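Chains as they are written, first to last, in my numbering: chain A, 1 to 506; chain B, 1001 to 1064. Quick reminder that beta carbons are idealized off the backbone N, C-alpha and C, glycines included. Because the structure is a prediction, the values reported are computed rather than measured.
Right, dumping it as C-alpha cells:
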C-alpha cells in the first residue's frame, strides 16, 4: 500500500533592490528575512512569536544521488551555510538560497494544506517587504516576485517534495513520472511571454505555458542550477533513510492560482502513489524524447502537439493527462485515497483534475479563474488588443513580471478574481500556526513556546539548549509523528522545555 | 475579444464543434469578462511607470 504522500513546496522568489546603493541580491535577501524576523520579535503576542532560531545543517546531504552512485569529477551542489536561515513558528524554513529569498512550507499531509501554507509564504514575503521598508535608507526599496525567470535566461526554482517508500526502485519512479512532469504544465504552467531556450528551431513563441520548460536539458540527474533534469535524483530524505525517500521535484512553476497548485500537487501525489503500488503494471506511457517534448508542450497553446511515445505512436499532452487521470480514478476505486492524507481531499483532487482537463479540452479560456497561464494569457491578450501591441512590446513583458509581484496593491494576479480554496483568514493564521497533521506541529509548537531554549532546528530534529547541560537533540525521523494528536497532551502538560525533555526521556 | 482569440488559437487542429454553454458557465464567463474590462480601464495606473526600463532592470541571479 502506498505510504502517505507527505508533501511541501519550496519557492525561490525573485528579488529586486532599487534606489541608490549596491544592488546585491544576497544582501537584499538577508535584509528582507532579518526584517521580518525582527518585526515579529518586536510584536508582543507570544503565541505567534517568530524566533531567531537558526537552521541545523547536521543532516544536509544534497550531493547524494538516488540512483546509488557517487559522482566523479563534479562538486556536489553548493550549500550556503553562512547565510540567513530562520525557522518560523508555522514550521516553515525562511532563508537565503542562491541569491534569492526562499520559503519552504512546513510538511503537509494533504494537497489542500500545501495550498494554504504556500499561500502563507506569499503573505510572509509581502510582510517582509513591508518590514524591510521600515529599515531601508530613504529611496531604497526591495520588491519580491513569485515567478521563475527574469526573461533573460536566468531561472530560479519552485520545488515540490513528496515522501516515498524507500523500497520502490528509483528507476521505476523516473520511468513513470517523467511523462507526467512533461505534460502537467498544461494546467500547472504559470505562463510566460517569450522564450529563453537557446533555439526554437524557427518556431515563434510569443507566449508559452510554462516559466521553467525552457531551462530543462536532461532527463534524469542530480543538478539543480545548470543542465537541469526533468527528474532530479537528490537523495536527501530528511527522514529515516531506511524507510523513506523524498522525491525532490524541480520541474514545476511557482503558481499563484490556488486551483493550479492544488491539482499540480494532488495529481503528482496520486501518480507517485500509483507508482509505489505498481499500478502501471505493463502500461508504459514513456515519451520518446522527454526533453524535446517538455518544450513542445510549453510552446503549444493549442494543446494539440503530438508527442512521440517510446513504444511507438503519438499522444498529446492532454491525452496523456487523461490516461493518467483514468488510471488514477480506477486506482482510487480499488485502493482508496488515504495516501492523500484524507479521502475527502483525495476525491476533490480527482474532481478538480478532471474538471481542468475537461475545460482545457473544450475551452481553455473557461479556466481563467483557475489556472495561471490562462489567467495571464487572457489579461495580456486583452491589453494587447486594446492597445494594438505586438507580443514583443515591453509593456506585455512588464505585465508578465507584475502578475507575480507579491504586493497586493501592485500584483496583477491579485486584481483578477481567481477561485480560492482556502480562506484569507486561514492563510493569515498559517503564517504563524503549523499544520496539525505532521511533525511540523511539534517543531512549530516548541518554537512558539520555548524559542529561547531552542538552539537550532531542521526538518528532522530540534536541538534544545537548557543552559549548563550539553545541547539536547530531539530526533524527528518520522514525518507523521509529532502531530497534534500525538503531542498536544504532552505539550500542554509540560511547563518548561526541561520538563518536555524529561517526559520524552531523551 | 480576448476570449475569442484564445479559443481560436487554442483549438486550430480540432473540428469546429458547437458546444452549448451551460447558463452557469456563461454567467461566470460574463462576470470574468466584465472584471477584465474594468481591470484594463484602471491598469495603466497600476503598471510600472517605465515598462522598458522596468523589464531591462529586472535581472536575477540564476537559482536552483
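Around the beta-carbon of residue 390 (chain A), fewer than 16 other beta-carbon atoms lie within 10 Å, marking it exposed. Taking CB atoms only, residue 157 (chain A) has a neighbour in chain B less than 7 Å away.
With a cutoff of 7 Å on beta-carbon distance, residue 473 (chain A) and residue 501 (chain A) are scored as not near each other.
Contact check for residue 196 (chain A) and residue 149 (chain A): beta-carbon distance about 6 Å, within the 8 Å limit, so the pair qualifies. About 11 Å separates the beta carbon of residue 340 (chain A) from that of residue 6 (chain A), a gap too long to meet the 8 Å contact definition. One thing to note: residue 1039 (chain B) has its Cβ no nearer than 7 Å to the Cβ of residue 407 (chain A). Below the 7 Å Cβ cutoff, chain A contributes 398 and 402 as neighbours of residue 1048 (chain B), in chain order.
Per DSSP, reduced to three states, the secondary structure at residue 146 (chain A) is coil, with no helix or strand assignment. The C-beta of residue 1051 (chain B) comes closer than 7 Å to at least one C-beta of chain A. Annotation for residue 97 (chain A): no alpha helix (DSSP H) segment contains it, though the beta strand (DSSP E) segment containing it runs 93-97. The C-alpha of residue 124 (chain A) is placed about 14 Å away from the C-alpha of residue 41 (chain A). About 29 Å separates the beta carbons of residue 337 (chain A) and residue 307 (chain A), which is beyond the 8 Å limit, so they are not a contact pair. Taking the Cα of residue 187 (chain A) as reference, the smallest distance to any Cα among A:449, A:433, A:364 and A:482 is reached at A:364. Our two residues, residue 436 (chain A) and residue 484 (chain A), have alpha carbons roughly 5 Å apart in a direct line. Sequence-distant Cβ neighbours of residue 19 (chain A) in its own chain, meaning closer than 6 Å and more than five residues away, are 139, 140 and 141. Here the alpha carbon of residue 267 (chain A) sits roughly 28 Å from the alpha carbon of residue 432 (chain A). About 6 Å separates the beta carbon of residue 294 (chain A) from that of residue 230 (chain A), a gap short enough to meet the 8 Å contact definition. Residue 1035 (chain B) has a beta carbon lying within less than 7 Å of a beta carbon in chain A.
Note on residue 254 (chain A): 16 or more other CB atoms within 10 angstroms of its CB, so buried under the neighbour-count rule.
For residue 39 (chain A) against residue 131 (chain A), the beta-carbon gap comes to about 4 Å, under 8 Å, which counts as contact.
Looking at the DSSP output, residue 405 (chain A) sits in a beta bridge with A:145.
At the C-beta level, residue 434 (chain A) and residue 90 (chain A) come within 7 Å of one another.
The Cβ of residue 368 (chain A) sits closer than 7 Å to at least one Cβ of chain B. Distance from the CA of residue 1054 (chain B) to the CA of residue 366 (chain A), rounded to the nearest whole angstrom, comes to 31 Å. Beyond the five residues adjoining it in sequence on each side, residue 413 (chain A) comes within less than 6 Å, by CB distance, of 256 and 403 in the same chain, given in chain order. Under the rule that a run must span 4 or more residues, the alpha helix (DSSP H) segments found entirely inside the segment 424-477 of chain A read 424-430 and 440-450. Counting of Cβ neighbours within 10 angstroms places residue 109 (chain A) among the buried residues, the total reaching 16 or more.
Rounded to whole angstroms, the separation of the alpha carbons of residue 411 (chain A) and residue 34 (chain A) is 24 Å. In this structure, DSSP gives residue 175 (chain A) a helical state, which the three-state scheme calls helix. For residue 129 (chain A), the enclosing alpha helix (DSSP H) stretches over residues 111-135.
If you look at residue 166 (chain A), you'll find it isn't in any alpha helix (DSSP H); DSSP assigns it neither H nor E. Between the C-alpha atoms of residue 1059 (chain B) and residue 1 (chain A) there is a straight-line separation of about 47 Å. Nearest to residue 167 (chain A) by alpha-carbon distance, out of A:242, A:284 and A:26, is A:242. Per DSSP, the unbroken alpha helix (DSSP H) holding residue 30 (chain A) starts and ends at 25-42.
Taking 7 Å as the cut-off, the beta carbon of residue 298 (chain A) is found no closer than this to the beta carbon of residue 204 (chain A).
For residue 417 (chain A), the C-beta contacts it makes with chain B under 9 Å involve 1031, 1032 and 1035, in order along the chain.
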